[in-house]
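Heads up: the sequence lines are chains A and B, in that order.
Using full-length UniProt numbering, the first residue of the first sequence is number 1, and each one after it goes up by one.
Using full-length UniProt numbering, the first residue of the second sequence is number 1, and each one after it goes up by one.
Ideal Cβ positions, reconstructed from N, Cα and C, are used throughout, including at glycine.
Comments concern the structure below.
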Amino acid sequence: MKTETRSEQFHPPSVIGNILRKLHIDIPLFIGLFLISLLSFVILYSAGGQDMDVLMRQGARVGLAFLLMTALAHVNPYQFKRYSAVLFSFGILLLVAVLILGQFGKGAQRWLDLGVFRFQPSEMIKITTPMMIAWYLAEHSLPPKTKQLLIAGILIIIPTLLIAKQPDLGTALLVASSGAAVLFFAGLSWWFILAIATTLAGLTPILWHFMRPYQRDRVLTFLNPEADPLGRGYHIIQSKIAIGSGGIYGKGWLGSTQSELDFLPESSTDFIFAVFAEEFGLFGCVSLLVLYLLIISRCLYIASQAQDTYSRLLASSLAFTFFVYVFVNIGMVIGVLPVVGVPLPLISYGGTSIVTLLAGFGILMSIHTHKKFLPHS
Amino acid sequence: MSRIYTIKNKLVESRLFLNRIIAAFVVILLLTSGLVVRLVYLQIVGHEHYATLAKDNSIKIEPLVPTRGIIYDRHGRVLADNTQSFSLELIPEQISDLNDTLLRLQKLLNISDEKIDQYQKQRKRQKRFVSTPLLISMTDEEIAKFAVVRPYFPGVDIQARLVRHYPYAELTSHVIGYVGRINETEMKSLPLAEYRGSTYVGKIGIESTYETELHGKTGYAEIETNVQARAINTVNSVPPVPGENLYLTLDIDLQKTAYDALGDYNGAVVAIDIKTGGVLVFASRPGFDPNPFVIGIANDAYQALQSSEDQPLYNRALRGLYPPGSTIKPFVGLAGLEYNAINTEHKLFCPGYYQLPNVSHHYRDWKKGGHGSVNMSEAITQSCDVYFYSLASMLGIDRMHSFLKHFGFGEKTGIDLVGEKQGLLPSREWKRSRRNQSWYPGETLITGIGQGYLQVTPMQLAKATATLANKGKVVSPFLVKNSATSNSTAAGEETPSDDITLKPENINSIISAMVNVVHDPHGTAKGINKGLNYQIAGKTGTAQVFNIKQDAKYNENDIDFKLRDHALFISFAPADDPKIAVAVIAENGGHGGSVAAPIAGEVIKQYLKESNNENGNP
């Protein structure tokens, strides 16, 4: 296998390289993640009103997330496989607990208060769902038969509905897509994919018919935020102005006027891409997308090199889901997708999403650095 | 499974998987290109457009606040409207030294520290570059004083704003309620987008119940502003939809008559149009002037209202809980007839007290020496307690509870006002679960004359009276005639199953006994029957505030005014075709017949005179 030898050349023969290899860290992936985290601090400093406190807090979280990634990279992928079902069931139990506790509190409940820290079970389920599906499908020969598809479908729907009930429709759809990604990589037939797409499209008008007027109103605002300029649409209008005014080369670092004058809300969290686009222009945006693509390519490469079915399915779906996050966030900020509360991966301010994402990359590194036998021709 | 087959299968799987990886990569590239195309469109094609919006001028979305709906009475007289007022407003971002400016303003216009605090709190909640009022309803003198020195106060200006005004002040305070500044708790529960520009929200009364309708829909303007946030040009705007005007069933003249008739007594008068359920009078005395609440009442004024013995902030009509006293008797009597516990001929000798078998306690009649031998009609007319002790004992608490429940006792009337109390209709279950005690027979007796645990609101009493006058067809009180909300609740409650099926001869004999209360020479309210060309049916009541010892004698002149009995009266007229039902409670009024009945009499006479006039002039 020629590709494998080429990847061996990637490891620099330095002391640091040796240490990283001992730590089971994949160097190209690590460099990508490190660069994007640095970039995150650069943008956060500008978007967060040049507040060092913001950087310190985020720095602590990122440090913690990198530690978790290293720890997971150390674990043999066989262990992930072995505990997939247990972890998945545990996650589901936590989701049910959150829902029940939510009955006593008022309104939406996503957090589980563990005294020392608060924990969001829906974040954990983002990883354990693809683990579960991959484990289940790997037990059988691929491509999956109808019965396995049915069971996998049910396994995906359970966490999706539980999260949708919280209610957190955005996360629910992301969890569903991470499970669906496993099915796709497992070789779900194109005809089946086409059939599901057609059925969903066909169901939409029927669902519409059964909705109450206020629910229809919500869907319409969801699809067309400009109709609600004081609420959701406000973000989109301001965000487009920020991005468009950035032009090709941008206004330069700290040059954003929209976030400075407080026109752009949530500029450090979900809408941080707008600040980035205003300051670094099309040039910066394309560079950022390329950096994301490099990370995703490396992950897909790791998946292609994995030695067992479970690792392949898990690695590829984690890679694809990462792309979905990027696409959904940027698509929302530039106004082509409806507004859902999804942060820009590895860049937005906030701890939970970074920890989950880097945990996923830890699993990928574990898969890549624990090969059972060396390749030979 | 052979080894060869497994290996072959693995190879197939590998190839399939690689194909999928490639497919996924192609999809990712395509979608990313889509993002790039959109970015090119925004940042190259649209750049000039967006840059003009962002560089020198920025688009700001300014909320356009809708005008609050006006509240009218049934004849179109204004009960709440909006008047122009001038306020001193600051834009903190345009002021270099805010604290210094506030200090200078405070000295110039003599502003209290409290108002400065209030302003600081509100300022922190506002978005940036929003003008926030420091002084509302400026006097001419204040305006003049500031106008002279205005150039020295950049970022400070006088703005004309609409302020809610209640022309009838304390007369309508408990029914209309008032609006006030949005506080922090309300901030969280109100829809943020709708209230982005609003300062006021309904706090109590109709203003709160119909907040959504009265508020209207906020519009917006996309305004080009420069870096100092000064407006340059309006790009696009959607006008606000003004709040709905509300027409109440209330008759403000009748309300005034009732309020004035209460005189020096604290209390409440509620009158209901029996045909529709529309509330004609909703008087709770004393009221308070709601206008200072709109601009932010001064702390000492508020404390004075809070600590006043007369409790002017207390909505007696809706939330006051009183024992109904003898006004419960027509309902208990009807229960006796309907359950066949007694008939109209049933006679009882009243010696002035009642005794349970084997119990020495004397349950006293209000009339020393007793009423002699009385039947049901006479017992109601003269308000004989002993007759109803006996009847209550025959019925038992369970039957009394279930019968009275149908008339709405112990339940909210469902009127379109927030904060209604549901009163208390006691039962065995209630006592067991709430007090962990069993029910005693003596408690049944005193429930029969409207004392003990039984508690009603004036609104409940009026509803029950209207339902009785309507011969069991439930009357549901409401205040707003024209709104979608009131229509839906009214429709929801008009389910026929709620109505009480009564034998005509039973209800008619109760009504004629109530007519005798007013028109019989022995009636307890005979004082109000002068000069009528129709008949009024009524029942007096006296509710004990103070518990008299077994052998003590109640002498109203001896005891403190605040411990005197409450005077009650329920009534409807004309007796043969009821149009209006009235319930009156005069706190510490002493006697229902002499104090409460004349108040109801005035309301009925004025209302029927007016409606006759209206009918006379088509």
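**OP:** Mind the definition here: the region 586 to 605 of chain B touches the region 535 to 543 of chain B only if three or more C-beta pairs lie below 8 Å; say whether that holds.
**Re:** yes
**OP:** Please list, in chain order, all residues of the same chain as residue 350/B whose beta carbon is under 7 Å from its beta carbon, the five residues on each side excluded.
**Re:** Numbered from its first residue, the second sequence carries residue 350/B at position 350. For residue 350/B, same chain residues with a beta-carbon under 7 Å away, outside a window of 5 residues either side, are 365, 370, 371, 372, 374, 384, 386, 387 in chain order.
Original post:
Are the C-beta of residue 7/A and some C-beta of chain B separated by less than 9 Å?
Top reply: In the first sequence, residue 7/A corresponds to position 7, counting from 1. Note that residue 7/A scores a pLDDT of 46, beneath 50, so its modelled location is shaky and nothing firm can be said.
Original post:
Quick one: does the C-beta of residue 37/A sit closer than 8 Å to a heavy atom of the ligand FMN?
Top reply: You won't find the ligand FMN in this model; it holds no ligand whatsoever.
**OP:** Return helix, strand or coil for residue 679/B, following the three-state DSSP convention.
**Re:** Since the displayed chain B opens at 1 and closes at 618, residue 679/B lies outside it and no answer follows.
Original post:
At a cut of 8 Å, does the region 315 to 327 of chain B reach the region 448 to 457 of chain B through at least three beta carbon pairs?
Top reply: yes
**OP:** Determine the DSSP secondary structure at residue 343/B, reduced to helix, strand or coil.
**Re:** Residue mapping note: residue 343/B aligns to position 343 of the second sequence, counting from 1. In the structure shown, residue 343/B sits in coil (DSSP, three-state: anything other than H, G, I, E or B).
Original post:
In chain order, what residues of the same chain lie with their CB nearer than 8 Å to the CB of residue 398/B, ignoring the 5 residues before and after it?
Top reply: Counting from 1 along the second sequence, the entry for residue 398/B is found at position 398. Excluding sequence neighbours, residue 398/B sits near 427, 428.
Subject >> beta strand (DSSP E) segments (min. 3 residues) lying fully within the region 97 to 163 of chain B >> reply: The region 97 to 163 of chain B contains these whole beta strand (DSSP E) runs: 132 to 135.
Subject >> Residues sharing a beta bridge with residue 541/B, DSSP >> reply: The residue given as residue 541/B occupies position 541 in the second sequence. Paired residue(s): 568/B.
**OP:** Count the other CB atoms, across all protein chains shown, that sit within 10 Å of the CB of residue 270/B; report buried if there are 16 or more and exposed otherwise.
**Re:** Reading the second sequence from its first residue, position 270 is the one you call residue 270/B. The residue is buried, with at least 16 neighbouring Cβ atoms inside 10 Å.
Original post:
Along chain A, in chain order, which residues have C-beta atoms closer than 8 Å to that of residue 43/B?
Top reply: The count along the second sequence starts at 1 and reaches residue 43/B at position 43. What residue 43/B touches in chain A: 243, 244, 246, 247, 248, 277, 281, 282, 285.
Subject >> Chain-ordered chain B contacts of residue 296/A [CB-CB under 7 Å] >> reply: Along the first sequence, one-based indexing puts residue 296/A at 296. Chain B residues near residue 296/A: 28.
**OP:** State the Cα-Cα distance for the pair residue 245/A and residue 40/B, rounded to the nearest angstrom.
**Re:** Here residue 245/A is taken as the residue at index 245 of the first sequence, counted from 1. Here residue 40/B is taken as the residue at index 40 of the second sequence, counted from 1. Answer to the nearest angstrom: the Cα atoms are 12 Å apart.
**OP:** Per DSSP, which residues does residue 165/B bridge with? Please list them.
**Re:** Indexing the second sequence from 1 puts residue 165/B at position 165. DSSP output for residue 165/B lists 81/B as bridge partner(s).
Original post:
Is there contact between the region 563 to 582 of chain B and the region 459 to 469 of chain B, where contact requires at least three CB pairs shorter than 8 Å?
Top reply: Remark: three or more beta-carbon pairs, one from each stretch, lie closer than 8 Å, so the region 563 to 582 of chain B and the region 459 to 469 of chain B are flagged as touching.
Original post:
Thinking C-beta only, is residue 513/B closer than 9 Å to residue 400/B?
Top reply: Walking along the second sequence from the start, residue 400/B turns up at place 400. Walking along the second sequence from the start, residue 513/B turns up at place 513. No, these two residues do not count as a Cβ contact at 9 Å.
Original post:
What are the partner residues of residue 339/A, as DSSP defines its beta bridges?
Top reply: Against the first sequence, residue 339/A aligns to sequence position 339. According to DSSP, residue 339/A bridges with nothing at all.
Subject >> Cutoff 8 Å; reference residue 283/A; Cβ partners in own chain excluding five residues on either side >> reply: In the first sequence, counting from the first residue as 1, residue 283/A sits at position 283. 248, 249, 250, listed in sequence order.
**OP:** For chain A, find out if any of its Cβ atoms is closer than 9 Å to the Cβ of residue 50/B; answer yes or no.
**Re:** Position 50 of the second sequence holds residue 50/B. For residue 50/B, the answer is yes, since a Cβ of chain A falls inside 9 Å of its Cβ.
Original post:
Any beta-carbon of chain B closer than 9 Å to the one on residue 48/A?
Top reply: Here residue 48/A is taken as the residue at index 48 of the first sequence, counted from 1. No, residue 48/A does not count as interfacial toward chain B.
Subject >> Unbroken stretches of the beta strand (DSSP E), 3 residues or longer, contained in the region 22 to 73 of chain B >> reply: 58 to 64
Original post:
Under a CB-based cut-off of 9 Å, is residue 261/B close to chain A?
Top reply: For the purposes of this step, residue 261/B is taken as residue 261 along the second sequence, with counting starting at 1. Cβ-Cβ to chain A under 9 Å: no for residue 261/B.
Original post:
Buried or exposed: residue 96/B, going by 16 or more other Cβ atoms within 10 Å of its Cβ?
Top reply: For the purposes of this step, residue 96/B is identified with residue 96 of the second sequence, where counting begins at 1. Classification of residue 96/B: exposed, given that the 10 Å Cβ count is below 16.
Subject >> Cut-off 7 Å between Cβ atoms - residues of its own chain near residue 106/B, not counting five sequence neighbours on either side >> reply: Here the question's residue 106/B lines up with position 106 in the second sequence. Result list for residue 106/B: 116, in chain order.
**OP:** With 9 Å as the threshold, decide whether the Cβ of residue 293/B is near any Cβ in chain A.
**Re:** Position 293 of the second sequence, counted from the start, is the residue given in the question as residue 293/B. For residue 293/B, the answer is no, since every Cβ of chain A falls outside 9 Å of its Cβ.
Original post:
When the cut-off is 9 Å and only beta carbons count, does residue 13/B lie next to chain A?
Top reply: Locating residue 13/B in the second sequence gives position 13, where the first residue counts as 1. Yes, its Cβ sits closer than 9 Å to a Cβ of chain A.
Original post:
Does any residue of chain B bring its CB to less than 9 Å from the CB of residue 309/A?
Top reply: Against the first sequence, residue 309/A aligns to sequence position 309. Cβ-Cβ to chain B under 9 Å: yes for residue 309/A.
**OP:** Report the rounded CA-to-CA distance for residue 496/B versus residue 236/A, giving the unit in angstroms.
**Re:** The residue you call residue 496/B lines up with position 496 of the second sequence. The residue you call residue 236/A lines up with position 236 of the first sequence. Caution applies to residue 496/B, whose pLDDT of 47 falls short of 50 and renders its modelled position unreliable; the value that the coordinates give is listed next. Distance between the alpha carbons of residue 496/B and residue 236/A is about 52 Å.
Subject >> Contacts that residue 187/A makes with chain B (C-beta to C-beta distance below 9 Å) >> reply: As a first step, residue 187/A is located in the first sequence; it is residue number 187 there, counting from the start. By Cβ distance, chain B contributes 13, 16, 17, 19, 20.
Original post:
Taking the Cβ atom as the reference point for each residue, do residue 321/A and residue 126/A lie within a distance shorter than 9 Å?
Top reply: Numbered from its first residue, the first sequence carries residue 321/A at position 321. Numbered from its first residue, the first sequence carries residue 126/A at position 126. In contact: residue 321/A and residue 126/A (Cβ atoms closer than 9 Å).
Subject >> For residue 35/A, the nearest candidate out of 290/A, 360/A, 356/A (CA to CA) >> reply: Translated into the one-based positions of the first sequence, residue 35/A becomes position 35. Minimum Cα distance to residue 35/A is reached at 290/A.
**OP:** Spell out a yes or no on whether the region 505 to 524 of chain B and the region 328 to 337 of chain B are touching, meaning 3 or more CB-CB pairs, one atom from each, closer than 8 Å.
**Re:** yes
Subject >> Beta-bridge pairing of residue 181/B - partner residues as DSSP gives them >> reply: For the purposes of this step, residue 181/B is identified with residue 181 of the second sequence, where counting begins at 1. Residue 181/B is bridged to 200/B.
Original post:
Using a Cβ-Cβ distance under 9 Å, would residue 105/A count as near chain B?
Top reply: By one-based count along the first sequence, residue 105/A stands at place 105. With a pLDDT of only 47 at residue 105/A, under the threshold of 50, the placement of this residue in the model should not be trusted; the figure read from the coordinates follows. No, because no Cβ of chain B sits closer than 9 Å to the Cβ of residue 105/A.
Original post:
Any idea what DSSP makes of residue 6/A, helix, strand or coil?
Top reply: Walking along the first sequence from the start, residue 6/A turns up at place 6. Unreliable placement is indicated for residue 6/A, whose pLDDT of 47 sits below 50; the coordinate value is still reported in the next sentence. Here residue 6/A sits in helix by DSSP.
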